[in-house]
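J.: Structure below; questions to follow.
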Ligand SMILES: [Zn+2]
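Numbering (my numbering), first residue to last: 129 to 288.
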């Protein structure tokens, strides 16, 4: 269970800083090495936190270009459910009951994947995976080190 105290609020603050710096629209606790089920998000200038999110139901199909702060600079067209009903809790312990569609639905699915230990690459088609391998190898050869920081607005590393 996630306990909301001063240290937790500080952690949340730090996560927002990391997310906005990237820049990204969501950041899940496991991405910063915290093995708890919550994530921060801000996809429409309304920052939020959801604790213990559960997907109650999902419907339809939608395709979005998706990237991940954990694999900076790479993006793929990925098909996922178009709408879903999610429950969880906010920082004050109030129950959240959210009907999500469009971009919000995509952000939540991506972040819930992180909580479940599912990587973005697990959603790629075989062709996308082959392209990803080549792109990742190029990155390593050019840098001989860790992956570079995300580059805002750069199209150099985009696969599509
Ligand atoms: Zn991610």
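Cβ atoms here follow ideal geometry from the backbone N, Cα and C, with glycine treated the same way.
Can you name the residues that DSSP bridges to residue 186?
T.: On the chain shown, position 58 is the one that residue 186 refers to. Paired residues: 212.
J.: Report yes or no: do the region 185 to 194 and the region 162 to 170 share at least 3 C-beta pairs separated by less than 8 angstroms?
T.: no
J.: Cβ of residue 99 versus every heavy atom of ligand 1: is any distance shorter than 7 angstroms?
T.: As shown, the chain starts at 129 and ends at 288. That puts residue 99 outside it, with no answer to give.
J.: Taking contact to mean 3 or more Cβ pairs, one atom from each stretch, closer than 8 angstroms, check whether the region 206 to 217 and the region 178 to 185 are in contact.
T.: With a cut-off of 8 angstroms, the region 178 to 185 and the region 206 to 217 count as touching, because enough Cβ pairs lie within range.
J.: Taking C-beta to C-beta, are residue 169 and residue 235 nearer than 8 angstroms?
T.: What you label residue 169 is simply residue 41 of the chain shown in a count that begins at 1. What you label residue 235 is simply residue 107 of the chain shown in a count that begins at 1. Cβ atoms of residue 169 and residue 235: closer than 8 angstroms.
J.: To which residues of the same chain is residue 225 closer than 7 angstroms at the C-beta, ignoring the five residues directly before and after it?
T.: Working through the chain shown from its first residue, we reach residue 225 at position 97. Here the set comprises 215.
J.: If the criterion is Cβ atoms closer than 8 angstroms, does the pair residue 210 and residue 227 meet it?
T.: Locating residue 210 in the chain shown gives position 82, counting from the first residue. Locating residue 227 in the chain shown gives position 99, counting from the first residue. It is not a contact, given that the beta carbons lie outside the stated cut-off.
J.: Measure from the alpha carbon of residue 176 to the alpha carbon of each residue in 246, 265, 239 and 251, then state which is nearest.
T.: On the chain shown, residue 176 is found 48 positions in, with the first residue counted as 1. Nearest option by C-alpha distance: 239.
J.: Pull up the CB-CB distance for residue 171 and residue 153, whole angstroms please, since I reckon it's below 8 angstroms.
T.: Within the chain shown, the letter at position 43 stands for residue 171. Within the chain shown, the letter at position 25 stands for residue 153. At roughly 4 angstroms, the Cβ-Cβ gap stays under 8 angstroms, so residue 171 and residue 153 are in contact.
J.: Quick check: the Cα distance between residue 233 and residue 207, rounded to an integer number of angstroms?
T.: For this step, residue 233 is matched to residue 105 along the chain shown. For this step, residue 207 is matched to residue 79 along the chain shown. C-alpha separation (whole angstroms): 12 angstroms.
J.: Buried or exposed for residue 147, going by 16 or more other Cβ atoms inside 10 Å?
T.: In the chain shown, the residue the question calls residue 147 occupies position 19. In this structure residue 147 is buried. Its beta-carbon is surrounded by 16 or more other beta-carbon atoms within 10 angstroms.
J.: Rounded to a whole number of angstroms, what is the C-alpha to C-alpha distance between residue 287 and residue 262?
T.: By 1-based counting over the chain shown, the position of residue 287 is 159. By 1-based counting over the chain shown, the position of residue 262 is 134. Only weak support is given to the placement of residue 287: the predicted model assigns it a pLDDT of 29, under 50, and the question is left unresolved by the model.
J.: For residue 160, tell me which candidate among 133, 242 and 230 has the shortest Cα-Cα distance.
T.: Working through the chain shown from its first residue, we reach residue 160 at position 32. When each option's Cα is compared against that of residue 160, the closest is 242.
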